[in-house]
């Protein structure tokens, strides 16, 4: 791992650490501490999603034209200003504007950092680099949320102002760290054969493998991440009688599974076809939904229901650990020269769309239609497996299994030595 990659990983950890301070407490802060009500708090969460959907198409073009580092620095400063102003805002208008700035900056960070990882890695090292990124993000969110929970006091607005100030400080520290990064000079879109910023979206939509990956990504994020804090939690409370403390334990089990399993599964992932790894995630998540069904619809004890519900979140974490070294590197390998930023932004846009629609659809169904909810999302998970198998048919051998490239290089490298040995004999 070079110096640039180390700084990028530190940046990922710092940004996640800062977000962990505030994200779990945003609803309480707006609705109760500032006294703006649940409607305004809901609008703030919606503004995060809308801001991301607005800026991401432009972010991809900016990354392609200017490079990921300048775009990242602008996003970090924007997010820092949004976080600081959010901690000082007392009116609904100020809160919404601040949330828009924070949401926009946060959304642009993702494809910019991903593109920097692509620029600083090779096909052989990319899976490990993205696995490290996902590991540090979850660790940062968990540690940030834990510390923030001990600092916050719902009777004092000043304690929340402190949290948002710490978040802003983390973003500004990250500006200082990332400004020192010297990434390899990657080709810009003007240097790519036949490339242009105006035609990059058309080129992306003409890539069947990328389009199929975006469809698959939407289903993945809709059926898992989009349900964590909405449909699945509502189902757990209403159908399984899960307490809020048990729900917190389930979320902790998800994070713990990712932290423990991430590098344990990495060698398994690196030696398998990516399409098959994603297909296996669909099967794991189908089992997770079946376990959730037992928790809420079975006739066991409350202790059994709670254990099953916690196991559901742990199984989701196992699937996430398998996906982190698979999805992002595949997006990078599908991108033509100079367009990695565009492809990363497009995939981030799909993710944000799924995260916006998922809670809106899953929340009401999970709270009231328990059996249909479990059946529907079990089918979505099985659909992931089907879509992954179909995607595998659109990929080249090396795109689907990068380890083949290493094997071929080794084989070709041995050929001259073998020939010399034969000649000497």
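Numbering (this note's numbering), first residue to last: -6 to 418. All C-beta atoms in this analysis are idealised placements derived from N, C-alpha and C, irrespective of residue type, glycine included.
Shown here, residue 351 sits in a helix according to DSSP, grouped into three states. Taking 9 Å as the cut-off, the beta carbon of residue 302 is found closer than this to the beta carbon of residue 233. Of the candidates 382, 104 and 292, 104 places its Cα closest to the Cα of residue 336. For residue 117, the three-state secondary structure derived from DSSP is coil. Assigned with DSSP and collapsed to three states, residue 173 falls in coil, not helix or strand. When only Cα atoms are considered, residue 253 and residue 311 end up about 9 Å apart. Excluding residues up to 5 positions away in sequence, 321 and 337 lie with their Cβ nearer than 7 Å to the Cβ of residue 107 in the same chain. Minimum Cα-Cα distance from residue 279 among the listed residues 217, 333 and 241 corresponds to 217.
In the three-state reduction of the DSSP assignment, residue 54 falls in the helix class. In terms of CA proximity to residue 133, 160 leads the group 160, 215 and 114. Three or more beta-carbon pairs separated by less than 8 Å link the region 137 to 154 to the region 0 to 20, which places the two stretches in contact. Within the same chain, no Cβ atom closer than 7 Å to the Cβ of residue 261 is found once the five residues on either side in sequence are excluded. The beta carbon of residue 387 sits closer than 8 Å to the beta carbons of 201, 202 and 205 from its chain, once the five residues preceding and following it are set aside; these are given in chain order. Under a 10 Å Cβ-count criterion, residue 363 is classified as buried, with 16 or more other Cβ atoms of the shown protein chains found around its own Cβ.
Collapsing the DSSP output to three states places residue 318 in coil. Ranked by Cα distance from residue 51, the options 4, 64, 89 and 331 are led by 64. In the three-state reduction of the DSSP assignment, residue 344 falls in the helix class.
Rounded to the nearest whole angstrom, the CA to CA distance from residue 55 to residue 172 is 18 Å.
Using a Cβ distance threshold of 9 Å, residue 264 and residue 381 do not count as a contacting pair.
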